[in-house]
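Data first, discussion second: the structure below is written as structure tokens.
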Amino acid sequence: MSEGAYSPAPAQAPHSGAAHPPGRRPQRVDRADYEAIAAWIRPGSTVLDLGCGDGTLLRHLRETRQVRGYGIEIEDDKVIACVAAGVSVIQGDLERGLADFDTSSFDYVILSLTLQAVRNTEGIVLEMLRVGREGIVTFPNFGYWRHRLQVISGRMPVTVNLPFQWYNTPNVHLCTIRDFEEFCRQRSIRILQRLVLNDRAPVAALPNLLGSLAVYRFERAGL
1 MSEGAYSPAP
11 AQAPHSGAAH
21 PPGRRPQRVD
31 RADYEAIAAW
41 IRPGSTVLDL
51 GCGDGTLLRH
61 LRETRQVRGY
71 GIEIEDDKVI
81 ACVAAGVSVI
91 QGDLERGLAD
101 FDTSSFDYVI
111 LSLTLQAVRN
121 TEGIVLEMLR
131 VGREGIVTFP
141 NFGYWRHRLQ
151 VISGRMPVTV
161 NLPFQWYNTP
171 NVHLCTIRDF
181 EEFCRQRSIR
191 ILQRLVLNDR
201 APVAALPNLL
211 GSLAVYRFER
221 AGL
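Residue numbers for the sequence shown follow the numbering used here, so the first one is 1 and each next one is one higher.
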């Protein structure tokens with residue numbers, strides 16, 4: 001299979017590569033991790049966005065970095081939204097893996113604010129690094145001081161990056177920054193860049209305590 005290709009026909013053909021359609025301004029994105037991801041993506045590269053939602057990130061990357069790529073999404077309404085937005089989307093379940101994609105099919109495989117909501121975390125991260133030359137993940141840092149304070153007070157945390165109540169949350173594998181870095185170390189995954197944010201501002205000191213959102217770019221060790 002050629003780079004960035006996928007054997008079944010996508011719901012929408014890939015974009016032609018123009019920065020954005022004539023007369024249309026690039027969309028404004030509200031998620032801080034989207035801007036961080038875009039800053040790391042090389043212009044004109046190929047991208048696979050896992051759990052792509054309504055395609056907002058792929059549209060942003062297409063308009064600002066001229067990427068070519070696909071999204072994978074399981075929910076019907078979000079797949080329909082992707083098609084309506086002109087985003088190439090494949091309906092599928094991440095938990096079943098990425099066996100339909102060849103090794104190194106994409107330059108980047110992205111998992112944004114979805115890592116904590118998947119059950120087969122290890123398998124999905126390793127598949128990201130098989131299918132893509134690099135992986136990018138973002139996740140809410142459970143070690144953030146507001147989360148710790150709420151746990152100490154006897155309640156499950158509810159914050160901007162963890163907006164759900166304990167009884168309706170999709171999150172099954174919450175982790176801290178230290179947890180993720182130890183996970184990578186044990187599996188010989190090389191972290192290329194890390195950005196820790198709080199209210200869009202970068203956090204340099206005590207990131208595992210003061211950062212609410214973590215963004216990582218990584219690759220297989222030995223490359």
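No residue lacks a Cβ here, since even glycine has one placed at the ideal position from N, Cα and C.
Rounded straight-line distance, which links the Cα of L58 to that of G23: Residue placement at G23 is poorly supported in this model, since its pLDDT is 38, which falls under 50; the coordinates still yield a value, given next. If I take the Cα positions, the gap works out to 19 angstroms.
Proximal residues to A38 (C-beta, below 7 angstroms), its chain only, five neighbours per side dropped: H60, L61, T64, R65
E181 versus G55: straight-line alpha-carbon distance, rounded: 28 angstroms
Own chain, CB closer than 6 angstroms to T159, minus 5 neighbours either side, in chain order: R146
Reference R93, options V87, N120, V83, closest by Cα: At residue 93 the sequence reads Asp, which differs from the Arg that was named. For D93, the nearest C-alpha among the options comes from N120.
Euclidean distance between Cα positions of N171 and G51: 14 angstroms
Alpha-carbon spacing of P21 relative to G86, whole angstroms: At P21, the pLDDT of 36 sits below 50, so the modelled position is not reliable and the matter cannot be decided from this model.
A32 classed as buried or exposed, judged by whether at least 16 other C-beta atoms fall within 10 angstroms: buried
Residue burial classification, S153 (beta-carbon count within 10 angstroms, cutoff 16): exposed
Coil, strand or helix - R25 by DSSP: A caution first: R25 carries a pLDDT of 42, below 50, which makes its placement in the model too unreliable to give a value.
Closest by C-alpha distance to I110, when choosing among W40, N198, P163: W40
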